[in-house]
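Everything below concerns the one structure shown next.
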Amino acid sequence: MSIPPSCPCPSLFTPFSFGRHQLPNRIVMAPMTRQQSPGGIPSDAMGAYYRRRAEGGVGLVITEGTYIDHPAANGYKDVPAFFGQAALSAWADIAEMVHAAGALIVPQLWHVGAIRRPGLEPDPMWPGVGPSAVKVDGEEVVRAMDHADIKDVIASYARAAANAELHGFDGVEIHGAHEYLIDQFLWSKTNHRQDAYGGSIENRVRLAVEIINAIRSAVSADFPILFRFSQWKIQDYDARIAENSDELAALLRPIANAGVDIFHVSTRRFNMPAFEGSPDGLAVWTRKLTGKPVIAVGSVALKKAYAIAQLRGGEDPTAEPADLSAIEQQVADGRIDLVALGRPLLADPQWPKKVFENRLSEINPFDKDAIHTTL
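Just so you know, we're using our numbering here: the sequence shown kicks off at 170 and counts up by one.
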């Protein structure tokens, strides 16, 4: 399909090749937890939810976080699992629906680590686990992982990736962001280990590298692996795993060399300078330092960044559509490769088609009703 001259963002609608695939455009649906999976089984409503975004013109769907088969992987009620016949069968149906609508789809593989509390599936008796123990009022609520635990988690990721390929998905994304397990190892504030998995950057990145190595061995050579990372954490928007570009390179290059195809760079504002002395955002820096394609995300198409505290504090989260010229220019210049949208696609599944056809005035703004939508 030719791009109409009136399209305000023609670069977003050019094809993009990765692994064995070619995307029809550069627009990605970002992973967003919906909590519509009782017992870990994706509901019928979830399939329709993803299908609508594919029908609306998204090129790649990244699913919400799906927890792997390690007993401490899950941290929330009614989020989907990525193991077991019932869950995998439901996911295979969703992948087929998305493909029929013209998009590709990858599951986001997830282990929450220390954020978990006992009482949740798949094993209610398991506490949270992480790189280091956490005590509250003298009681250990998070257990430090030993080497056997680490080996088990790595194997769980590899099994999930192999199941993704077996059940018709187009790749996998590893969730290494937002203070979940892998990020807990990357961040010096949560990783106090004194063994091969803690201390130096080289050691803190070891778990991520070993997970990627295991996945790469479990899937076909051209089966894509995406890796999502962030500086910010759920409870700390100012946190940093890298204070400068040298530290970022030391973190990301081993991950790239292990076999990651695309980095998904999670920021609250995609064009906010990542480091002092440079105007470049974190996604641009990631591409420069690793040579790998990147997905930029973070207030790409909305004027207002989102925070969970907005809901807790009663603040109105409504955000109007933003000017798209900056993101269009970065894609056109080859500084970023793909653009992920979260809130805009919750508010308006037809966002890509409306932009393609220059119907910007018809785009629905994001508001509080869109936050929990499964429509």
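Yeah, the Cβ is synthetic: ideal placement off N, Cα and C, and Gly gets one too.
query	result
Buried or exposed (CB count within 10 angstroms, at least 16 for buried), Val281	buried
The segment 188–196 / the segment 230–244 touching (three or more Cβ pairs under 8 Å)	no
Neighbour-count burial assignment, Asn360, 16 or more Cβ in a 10 Å radius	buried
Ser386 - DSSP class collapsed to helix/strand/coil	helix
Residue range of the unbroken beta strand (DSSP E) whose run includes Trp279	Leu273 to Trp279
Length of the line joining the Cα atoms of Gly299 and Val341	23 Å
The segment 265–275 touching the segment 220–231, judged by at least three CB pairs closer than 8 Å	yes
Cβ-based neighbour list, Trp401, same chain, cut-off 8 Å, excluding 5 preceding and 5 following	His347, Asp407, Ala408, Ser435, Thr436 and Arg437
Enclosing beta strand (DSSP E) for Val469 [first to last residue]	Val469 -> no beta strand (DSSP E), and no H or E assigned at all.
Alpha-carbon spacing of Ile263 relative to Asp415, whole angstroms	41 Å
Alpha-carbon spacing of Gln498 relative to Ile505, whole angstroms	9 Å
Separation of Pro174 from Asp492, as counted between CA atoms	18 Å
Residue of Ala250, Cys178, Arg328 and Val500 minimising C-alpha distance to Asp292	Ala250
Cα-Cα separation between Trp279 and Ile351, rounded to whole angstroms	9 Å
Ser530 versus Gly511: straight-line alpha-carbon distance, rounded	19 Å
Option in Gly446, Pro490, Ala419 and Pro448 with minimal Cα separation from Leu458	Ala419
Phe338 versus Glu265, Thr202, Lys523 and Phe252, residue with shortest Cα-Cα distance	Glu265
The alpha helix (DSSP H) enclosing Val303, as first and last residue numbers	Run containing Val303: none in the alpha helix (DSSP H); it sits in the beta strand (DSSP E), Val303 to Val305.
N-terminal and C-terminal residue of the beta strand (DSSP E) that Ser414 is part of	Note, Ser414: premise wrong, no beta strand (DSSP E); alpha helix (DSSP H) at Ser414 to Ala427.
Helix, strand or coil at Met314 [DSSP, three-state]	coil
Length-filtered (4 minimum) alpha helix (DSSP H) runs lying within the segment 344–410	350–355, 370–373 and 375–387
Delimiting residues of the beta strand (DSSP E) encompassing Ile231	Leu229 to Tyr236
Option nearest Gln519 by Cα separation, candidates Pro179, Arg220, Ser206 and Gly209	Arg220
Sufficient close CB pairs (3 or more, under 8 Å) joining the segment 385–399 to the segment 367–375	no
Own chain, CB closer than 7 Å to Val374, minus 5 neighbours either side, in chain order	Leu355, Leu420, Pro423 and Ile424
CA nearest to the CA of Ala427, picked from Asn440, Lys461, Phe444 and Asp405	Lys461
Identity of the residue in Arg456, Met201, Asp213 and Phe439 nearest Pro276 by Cα	Met201
Own chain residues within Cβ distance below 6 Å of Asn413, not counting five before or after	Phe444
Paired residues, beta bridge with Ile431 - DSSP	Leu395
For Leu510, the three-state DSSP class (helix, strand or coil)	strand
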